[in-house]
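J.: Residue 275, in numbering that gives the first Met the number 0, is where the first sequence stops; the numbers in between run on with no holes.
Where a beta carbon is used, it is the ideal one built from N, C-alpha and C, also for glycine.
Got a structure for you, written out below as C-alpha cells; questions coming shortly.
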Amino acid sequence: MPELPEVEYVARQLHGELVGRRIERVEVSWPRIVAGMAPEELAARVAGRMVTGIGRRGKYLLIALEGGETLIVHRRMSGNLTLAPPDAADPYVRAAFALDDGRRLLYSDPRKFGRITLAADADLPRVFAALGPEPLDDETFTAAALAARLAGTKRPIKAALLDQGIVAGLGNIYADEALFRARIHPLRPADSLTPSEIAALREAIQAVLLVGIAHGGTTFGRHRDVYNEAGTNLEHIEAYRRTGQPCPRCGTPIERIVVAQRGTHYCPHCQRMDAN
DNA sequence: ATATCTGCCTGCTCGC
DNA sequence: TGCGAGCAGGCAGATA
C-alpha cells in the first residue's frame, strides 16, 4: 500500500517530470475517484493549467497548478501514478491527465479506493488541519511533540501510529517496522511509553521511512513508481508480513496478531509488553 | 468528544 | 482443477 515513502518517492519523480508542463485535458473513467466536486468541474478547472510544483502531506500527493489551485491525490490501497507510453493498456486506469508533450499521467487503481480532488491553495491548511506532524520534519516531529500526542490515550500504540492525527504518513507496513525497530510491543497502551521509548520510537519512525524512500518504496502488492518500476524496499522489511520467519535480531519466529482490525507483526522476544 | 465499527472495492490466497 | 469464501486495509461516515 502506498504510505509516506511510496508517495514521497513518486512525488520526487513527478517534480522532475511535471513542473513546467501543462495539463491539457483530464479524462475520468471512474467518476467516484473524484471527490468533493463533479468530475466535469475538476476537468474544467485543471485543463490548460501549468504545473508549478509538487508536494506531499502525509500520504497525500500535491500537484500545484498555476492560478492558485492544487490537485490532491490519495492512492489509498492500490493506486498508482504512472507516465505510461502511449500504447500502454491498463484496464484499471480511472483518470488520465494529458500533458502538453504528448504524454499522459495515468491514475490506475483496481480497488477504486483512491481519491482525487482540487482545492484552492488558501484552503490547504484547512484541508489538512486534522493531520499530525510530518514525521521527517525535525522542527515539528520532536520527541516532546510525539509524547504530547500519545499522552492521555490508552489505545494500543499500533493503533495510535495508524491515526493520521498523531503523525501523518504511517500505514500498516511502516507502523509495524517502526515498532519492531524501537522494540515496542504493538499492544502497549500509548500513554504507557517511557520518555526513552518515545525517543526511540521517533528515531525508528524516521529511520524506516528514510530507508523506504531510498529504495523506491515497498512493493508488496501493487506499488509502482512513475516509470512503472517496483520498489525494492521489501528486502529491508524486518517484521511486516514475515509471520513465522525468524526475527532478524534474535531468530524468534515473528508472530501475527490483530490490532485495531489490522494484521500486526512483531517479535515476541524483542518487543515485550513491559517497558524497557 | 472520543473510540470503535461499517462500507467502499477487487485481486489474491486458501480449502474443499 | 475449479470455485466460493475470506482476507487485505486507508479513510469517511456512522454509531456507541
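Would a C-beta distance cut-off of 8 Å place L64 and V9 closer than the cut-off?
T.: Contact flag unset, no.
J.: Looking at the unbroken alpha helix (DSSP H) that takes in F179, where does it start and where does it end?
T.: Here the alpha helix (DSSP H) through F179 covers N171 to A181.
J.: Return the chain-ordered list of same chain residues with a C-beta closer than 6 Å to the C-beta of P4, the five sequence neighbours on each side being excluded.
T.: Cβ neighbours of P4 beyond the five flanking positions: L208, G211, I212 and G216.
J.: Which value, in whole angstroms, describes the spacing of the CA atoms of R201 and S195?
T.: C-alpha separation (whole angstroms): 10 Å.
J.: Please list, in chain order, all residues of the same chain as E228 whose beta carbon is under 8 Å from its beta carbon, the five residues on each side excluded.
T.: Excluding residues within five positions, the ones whose Cβ falls inside 8 Å are G215.
J.: May I have a chain-ordered list of the beta strand (DSSP E) segments no shorter than 3 residues that lie completely inside the stretch 225-273?
T.: With a minimum length of 3 residues, the continuous beta strand (DSSP E) runs that stay inside the stretch 225-273 are 254-258 and 261-265.
J.: What number of angstroms, rounded off, separates the C-alpha of V50 from the C-alpha of R11?
T.: Looking at the two C-alpha atoms, the distance is approximately 14 Å.
J.: So within the stretch 44-132, which uninterrupted alpha helix (DSSP H) runs reach at least 4 residues, ignoring any that extend past its ends?
T.: List check, alpha helix (DSSP H) in window: 123-126.
J.: Quick check: the stretch 132-150 against the stretch 104-123, are there 3 or more CB pairs under 8 Å?
T.: Segments in contact, no.
J.: Taking the alpha-carbon of R271 as reference, which of A198, Y106, S191 and S77 has the nearest alpha-carbon?
T.: R271 has its Cα closest to that of S191, out of A198, Y106, S191 and S77.
J.: Can T263 and K157 be called in contact, C-beta distance under 8 Å?
T.: Their beta carbons are under 8 Å apart, which means T263 touches K157 by this criterion.
J.: Is it the case that the Cβ atoms of G243 and I236 are separated by a distance below 8 Å?
T.: In this structure, I236 does not lie closer than 8 Å to G243 by Cβ.
J.: Quick check: the Cα distance between R44 and D175, rounded to an integer number of angstroms?
T.: Their backbone Cα atoms lie some 40 Å apart in a straight line.
J.: Report back the beta-carbon spacing between P155 and R187 to the nearest angstrom; my notes put them in contact at under 8 Å.
T.: With a Cβ gap of about 7 Å, P155 and R187 count as contacting.
J.: Which ranges does the beta strand (DSSP E) cover as unbroken runs of at least 3 residues, wholly within the stretch 196-229, from first to last along the chain?
T.: Listed in chain order, there is nothing to give.
J.: Using the three-state DSSP reduction, which class does E23 fall into: helix, strand or coil?
T.: Strand.
J.: For the alpha helix (DSSP H) containing P4, list its first residue and its last residue.
T.: It spans L3 to L17 - the alpha helix (DSSP H) in which P4 sits, taken as one unbroken run.
J.: Ignore the nearest five residues each way along the sequence and tell me which others in R182's own chain have a CB closer than 6 Å to its CB.
T.: Counting only Cβ-Cβ distances below 6 Å, and skipping sequence neighbours, we find C269 and Q270.
J.: Does DSSP classify P188 as helix, strand or coil?
T.: Looking at P188 - three-state DSSP - the assignment turns out to be strand.
J.: Select from A189, P134 and I197 the residue whose C-alpha is nearest the C-alpha of R55.
T.: It is P134 whose Cα lies nearest to the Cα of R55.
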